[in-house]
Amino acid sequence: MHRHHSRPPRRKQPPKRRGSSPWNPRAIIVLALVGAVVAKFLMADGVTAVELWGVIQPAFWVGVGYYLAPLRASGQ
Numbered sequence: 000m001h002r003h004h005s006r007p008p009r010r011k012q013p014p015k016r017r018g019s020s021p022w023n024p025r026a027i028i029v030l031a032l033v034g035a036v037v038a039k040f041l042m043a044d045g046v047t048a049v050e051l052w053g054v055i056q057p058a059f060w061v062g063v064g065y066y067l068a069p070l071r072a073s074g075q
């Protein structure tokens, strides 16, 4: 009859997937490796560091925002 009313799911705190620090070391290592490979590839093309930074900067800030978002949300 009333089986729809099983206890409501507790959703107060999201499960902590990573350790106490929000910085995921594996993600940072992967980003660094990818950045190094991309830099090498572009440098071989004769791209200057300034041009390279111009290409990387938007992705860099997106990554920074991605990492800082949980910090900003939790540290209010």
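Per numbering that gives the first Met the number 0, the sequence shown starts with residue 0, numbered consecutively.
No residue lacks a Cβ here, since even glycine has one placed at the ideal position from N, Cα and C.
Relative to the C-alpha of V37, which residue among P24, I55 and N23 is closest?
I55
Nearest-angstrom Cβ-Cβ length linking L51 and L41, presumed shorter than 8 Å:
6 Å
From G53 to P69, what does the alpha carbon distance come to, in whole angstroms?
26 Å
Where the alpha helix (DSSP H) through R64 begins and ends:
Just to set this straight, residue 64 is Gly in the shown sequence, not Arg. Note, G64: alpha helix (DSSP H), A48 to S73.
Helix, strand or coil at G45 according to DSSP, with G and I counted as helix
coil
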